[in-house]
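Asks:
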Amino acid sequence: MRKALVSSLASLVLFSAASTFAQKVYISADMEGLTGVVTGAQLGPSGFEYQKFREIMTEEVLAAIRGARAAGATEFLVSDSHGNGQNLLIDRFPKDVQIVRSWPRPLGMMDGIDESFDAAMFVGYHASTANPKGVRAHTFSSATLTDVRLNGTSVAEAGFNAALAGHFGVPVVMVSGDDVIVEETKRYVGDVEGAVVKWATSFHAARTLTPEAGAEVIEKAARRAVARLDDFRPFRVSGDVSLEVSFKNYRQAEILAYLSTVERIDSHTIRYVARDMIEASMFTEFMTNYESGLSP
Numbered sequence: 675m676r677k678a679l680v681s682s683l684a685s686l687v688l689f690s691a692a693s694t695f696a697q698k699v700y701i702s703a704d705m706e707g708l709t710g711v712v713t714g715a716q717l718g719p720s721g722f723e724y725q726k727f728r729e730i731m732t733e734e735v736l737a738a739i740r741g742a743r744a745a746g747a748t749e750f751l752v753s754d755s756h757g758n759g760q761n762l763l764i765d766r767f768p769k770d771v772q773i774v775r776s777w778p779r780p781l782g783m784m785d786g787i788d789e790s791f792d793a794a795m796f797v798g799y800h801a802s803t804a805n806p807k808g809v810r811a812h813t814f815s816s817a818t819l820t821d822v823r824l825n826g827t828s829v830a831e832a833g834f835n836a837a838l839a840g841h842f843g844v845p846v847v848m849v850s851g852d853d854v855i856v857e858e859t860k861r862y863v864g865d866v867e868g869a870v871v872k873w874a875t876s877f878h879a880a881r882t883l884t885p886e887a888g889a890e891v892i893e894k895a896a897r898r899a900v901a902r903l904d905d906f907r908p909f910r911v912s913g914d915v916s917l918e919v920s921f922k923n924y925r926q927a928e929i930l931a932y933l934s935t936v937e938r939i940d941s942h943t944i945r946y947v948a949r950d951m952i953e954a955s956m957f958t959e960f961m962t963n964y965e966s967g968l969s970p
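Count along the sequence shown from 1, then add 674; that gives the number in this note's numbering.
(1) With a Cβ-Cβ cutoff of 8 Å, do Arg766 and Leu736 count as a contact?
(2) I'd like to check one pair, Ile739 with Tyr799: are the Cβ atoms closer than 8 Å?
(3) Which residues in the same chain have their Cβ closer than 8 Å to the Cβ of Asp785, if we skip the five residues on either side of it in sequence?
(4) Looking at chain D, is there any beta carbon in it that lies within less than 8 Å of the beta carbon of Val822?
(5) Helix, strand or coil for Phe791 per DSSP?
(6) Determine the DSSP secondary structure at Asp754, reduced to helix, strand or coil.
(7) Verify whether the separation of the beta carbon atoms of Thr943 and Ser920 is less than 8 Å.
(8) How close, in whole Å, do the beta carbons of Pro885 and Glu733 come, if the pair is a contact with beta carbons under 8 Å?
(9) What ranges does the beta strand (DSSP E) occupy inside the region 825-853, keeping only unbroken runs of at least 3 residues that lie completely in it?
(10) Please state the DSSP three-state secondary structure of Thr820.
(11) Can you tell me which of the three DSSP states Ala737 falls into?
(12) Does the separation of the CB atoms of Tyr862 and Phe791 fall below 8 Å?
(13) Whole alpha helix (DSSP H) runs in the region 904-947 with 4 or more residues, listed along the chain?
(14) Are the Cβ atoms of Asp852 and Val891 separated by less than 8 Å?
(15) For the alpha helix (DSSP H) that Glu886 lies in, which residues bound it at each end?
(16) What is the DSSP secondary structure of Gln697, counted as helix, strand or coil?
(17) In whole angstroms, what is the alpha-carbon distance linking Glu959 and Leu933?
(18) Kindly identify the DSSP beta-bridge partner or partners of Trp873.
(19) Here's the rule I'm using: 16 or more other beta-carbon atoms within 10 Å means buried, otherwise exposed. How should Leu968 be labelled?
(20) Is the Cβ-Cβ distance between Asn825 and Ser916 less than 8 Å?
(21) Leaving out five residues before and five after Lys894 in sequence, what residues of the same chain have Cβ atoms less than 8 Å from its Cβ?
(22) Relative to the alpha-carbon of Ser912, which residue among Leu838, Leu762, Asp704 and Val699 has its alpha-carbon at the smallest distance?
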């Protein structure tokens, strides 16, 4: 009886220790922040290096998964969040990993996240459109937007997506990209693990690690992040969410202001007040995806 009791207590202690680790991890992956990315030549199907950088993107996400697994994570959902949403080489992933692909999605770069996740990681992220530094710095659309603000604060995609994760009580624990986005993300969400894989020189130039070294940095950061999960807190935007978006041209602001829920606050800027981050995300997806001529 005593032996059985000791065994049961030992199992309980082990379970309690294991439960402090992240079991379920959400990974949102972009491309502009990947090791070596500096121009459009790496970022889309017409670019001469795109196929090679699909491989690098895949390897960096796999590195994050390896690191998280080494620290106790057991389940992963990966969001392919760049361009057409069909960049990751899905046949390279373990069979227990699921992947979100293509658009549109109500939660954008975070689609599929919910309260069941213990942690979120951002791989290949980049600085905001309002930041004067950063490789390929933009927020949601480099072609059309000049600023995105939540409750008056300019945010990068990392800040917006961290607030989405925070709506579900999920903390962001790691971000990879250039030195600018790592610092910017820490300003929003606190002392996340940062994996710097390149150092920005200008919008189209950087000093970069090699892909092998970049993947190693990401794997180590992911492992550290999951190992210290208790240190992180969700980034929450409570109450109504004031979403302000500034456009490079005035016409988008003019047309969006035809909607009774949208206020045009200057020639190039609109404000939409959402009940929560879910509604703010759905409005953002509508704003960036709707075209009158859409067809299947």
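We treat Cβ as the ideally placed atom computed from N, Cα and C, and that holds for glycine.
Replies: In brief:
(1) yes
(2) no
(3) Ser753, Val774 and Arg779
(4) You won't find chain D in this structure, because it holds only one protein chain.
(5) coil
(6) strand
(7) yes
(8) 7 Å
(9) 846-852
(10) strand
(11) helix
(12) no
(13) 924-930
(14) no
(15) Pro885 to Ala901
(16) coil
(17) 15 Å
(18) Arg881
(19) exposed
(20) yes
(21) Gly741 and Ala869
(22) Leu838
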